[in-house]
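**Q** Take this structure, written in structure tokens, and hold onto it; I'll ask about it next.
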Amino acid sequence: MGNPIHIGPTPINALGTTDQHSQVQLYREGPNDKLFTFMEVKNFKRDITIGPAPESAPELGYLANARMSTLLNSEKKATEYALIQDQRPCMTVLFEKVDAYSAGQFIYLYEVTTSIAGSLFGINAYDQPAVELGKEATFALMGCREYQELSEKITPLTAIDEKYLV
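Our numbering applies: residue 116 is where the sequence shown begins, and numbers increase by one.
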């Protein structure tokens, strides 16, 4: 295995309000060891106007006639604001529009960022020696002859004691 590097990015996706309850609590009150990258779209290809609130939920009336794009970008800004209140570093990548060209630019940005980070950390950012053992274990568990000895080491560790099964 390579030299241990105990720092580096761990990409974690979060989709708007869907993931707020499961992640933002940790991000605001947990360790301050992350950089948050938000994505915002300036011009949506399609947009929806929100209709009137149903009679059963009149408290949603403030959303009537708002654009879905405005709601999505407002939710992004609100989450960013909450993180900033706890001194969490944030950045926004603003897409003029969502298309293949913009997606390619974004992917390229992170490819270059990965290369630069590897250089700064003094590592090969595209080599993952710590992942290799998992690959070899898969070969062993699937019966690849070259990994028979490893299979014999793994099998006792992966045995399930049925009294703990639910």
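For glycine and all other residues, C-beta sits at the position ideal for the given N, C-alpha and C.
Less than 7 Å between C-beta atoms, sequence neighbours within five positions excluded: which residues of the same chain meet that for D201?
**A** Counting from one through the sequence shown, the residue named residue 201 turns up at place 86. Here the set comprises R143.
**Q** Taking all protein chains shown into account, decide if Y279 is buried (16 or more other Cβ within 10 angstroms of its Cβ) or exposed.
**A** As a first step, residue 279 is located in the sequence shown; it is residue number 164 there, counting from the start. Y279 is exposed by the Cβ-count criterion.
**Q** My assumption, with CB atoms under 8 Å, is that A255 sits in contact with I275. Please give the rounded CB distance.
**A** Along the sequence shown, read from residue 1 onward, the residue named residue 255 stands at position 140. Along the sequence shown, read from residue 1 onward, the residue named residue 275 stands at position 160. About 18 Å separates the two Cβ atoms, so there is no contact after all.
**Q** Check whether the region 208-228 touches the region 144-159, counting contact only when three or more Cβ pairs, one atom from each stretch, lie closer than 8 Å.
**A** Touching, yes, given that three or more Cβ pairs across the two stretches are closer than 8 Å.
**Q** Among M154, N188, V139 and G145, whose alpha-carbon lies nearest the alpha-carbon of I222?
**A** In the sequence shown, residue 222 corresponds to position 107, counting from 1. Nearest to I222 by C-alpha distance, out of M154, N188, V139 and G145, is M154.
**Q** Hey, Q138 and I127: beta-carbon distance below 9 Å or not?
**A** Reading the sequence shown from its first residue, position 23 is the one you call residue 138. Reading the sequence shown from its first residue, position 12 is the one you call residue 127. For Q138 and I127, yes; Cβs fall inside 9 Å.
**Q** Under 9 Å, do L175 and P169 count as touching if we go by C-beta distance?
**A** Residue mapping note: residue 175 aligns to position 60 of the sequence shown, counting from 1. Residue mapping note: residue 169 aligns to position 54 of the sequence shown, counting from 1. In contact: L175 and P169 (Cβ atoms closer than 9 Å).
**Q** Keeping to the same chain, check which residues put their C-beta closer than 8 Å to that of N147; ignore five residues upstream and five downstream.
**A** Taking the first residue of the sequence shown as 1, we reach residue 147 at position 32. Once the five neighbours on either side are set aside, the close Cβ partners of N147 are D201, Q202 and R203.
**Q** Just reading off the alpha helix (DSSP H) that N188 is part of, what are its end residues?
**A** As a first step, residue 188 is located in the sequence shown; it is residue number 73 there, counting from the start. First-last of the alpha helix (DSSP H) with N188: M183 to Q200.
**Q** Taking only the alpha-carbon atoms, compute the straight-line gap between L224 and F151 and give it to the nearest angstrom.
**A** Residue mapping note: residue 224 aligns to position 109 of the sequence shown, counting from 1. Residue mapping note: residue 151 aligns to position 36 of the sequence shown, counting from 1. Near 16 Å, if we compare the C-alpha coordinates of F151 and L224.
**Q** Distance, Cα to Cα, A129 vs Q135?
**A** Looking up residue 129 in the sequence shown gives position 14. Looking up residue 135 in the sequence shown gives position 20. The alpha-carbon separation between A129 and Q135 amounts to approximately 8 Å.
**Q** Just mark T194 as buried or exposed, buried being the case when its beta carbon has 16 or more other beta carbons within 10 Å.
**A** Taking the first residue of the sequence shown as position 1, residue 194 is located at position 79. T194 is buried by the Cβ-count criterion.
**Q** Smallest Cα separation from M183: which of P271, I165 and D242?
**A** The residue you call residue 183 lines up with position 68 of the sequence shown. If we check each option's Cα against that of M183, I165 comes out closest.
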